[in-house]
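*Asks:* Numbering follows the numbering used here, in which position 82 of the sequence shown is assigned residue number 86; successive positions increment by one, without gaps. Here it is, the structure in full.
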Amino acid sequence: MRNIKNKLKADNDYGEIIKTFQDERLHIRHQLLRSNSSMELFRAKLRIDEFFKQINESIKIIRITCSDLFEKKEKNKEVLKFLLDIKEDALNEFGVFLSK
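What follows is the structure in structure tokens.
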């Protein structure tokens with residue numbers, strides 16, 4: 005997955021970012037379903053870890069932009085809600101693969 009953090013700083017149009025996270029979740033799901041070995045499952049687990057790392061970083065950045073100091077506060081709050089929903093769905097789907 006590409007580095008979303010730099011994208012968030014450069015672009016206020018978050019549609020592509022949301023789509024990227026949704027697409028990545030689908031790719032991970034398909035990777036898990038097609039896994040035929042423990043090595044393939046391990047690769048999927050690494051991808052899941054990277055997914056959650058990226059989405060957590062993105063959520064942290066967007067939370068900052070939801071303050072009154074930023075012009076597009078309401079739009080940022082909507083994006084934050086979308087990302088939190090994606091994260092929650094992914095936790096429900098891939099939670100068993102997360103390290104505690």
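Backbone N, C-alpha and C fix where the C-beta goes; we use that ideal spot for every residue, glycine too.
Leaving aside the five residues before and after Ala48 along the sequence, list all residues of the same chain whose C-beta is less than 8 Å from its C-beta, in chain order.
*Replies:* Ile32, Gln35, Leu36, Ser39, Phe101
*Asks:* Quick check on the DSSP output: the alpha helix (DSSP H) that includes Glu82 runs from which residue to which?
*Replies:* 77-98
*Asks:* What residue range is occupied by the uninterrupted alpha helix (DSSP H) comprising Asn138?
*Replies:* No information on residue 138 is available, as it lies outside the stretch 5 to 104 that the chain covers here.
*Asks:* Give me the Cα-Cα distance between Cys70 and Ile63, rounded to the nearest whole angstrom.
*Replies:* Cys70 and Ile63 have their alpha carbons spaced roughly 11 Å apart.
*Asks:* Tell me the DSSP secondary structure of Ser103 in three-state form.
*Replies:* DSSP places Ser103 in coil when its eight states are reduced to three.
*Asks:* Would the C-beta of Asn40 count as close to the ligand ZN, meaning under 7 Å from any of its heavy atoms?
*Replies:* The ligand ZN is absent from the structure shown, which contains no ligands of any kind.
*Asks:* Where Ile55 and Asp27 are concerned, what is the direct C-alpha to C-alpha distance, given to the nearest angstrom?
*Replies:* A quick correction: the sequence has Phe, not Ile, at residue 55. Phe55 and Asp27 have their alpha carbons spaced roughly 11 Å apart.
*Asks:* Could you check whether Ile59 and Leu4 sit closer than 8 Å to each other, using their CB atoms as the reference points?
*Replies:* It is not possible to answer for residue 4, since the shown part of the chain is limited to 5 through 104.
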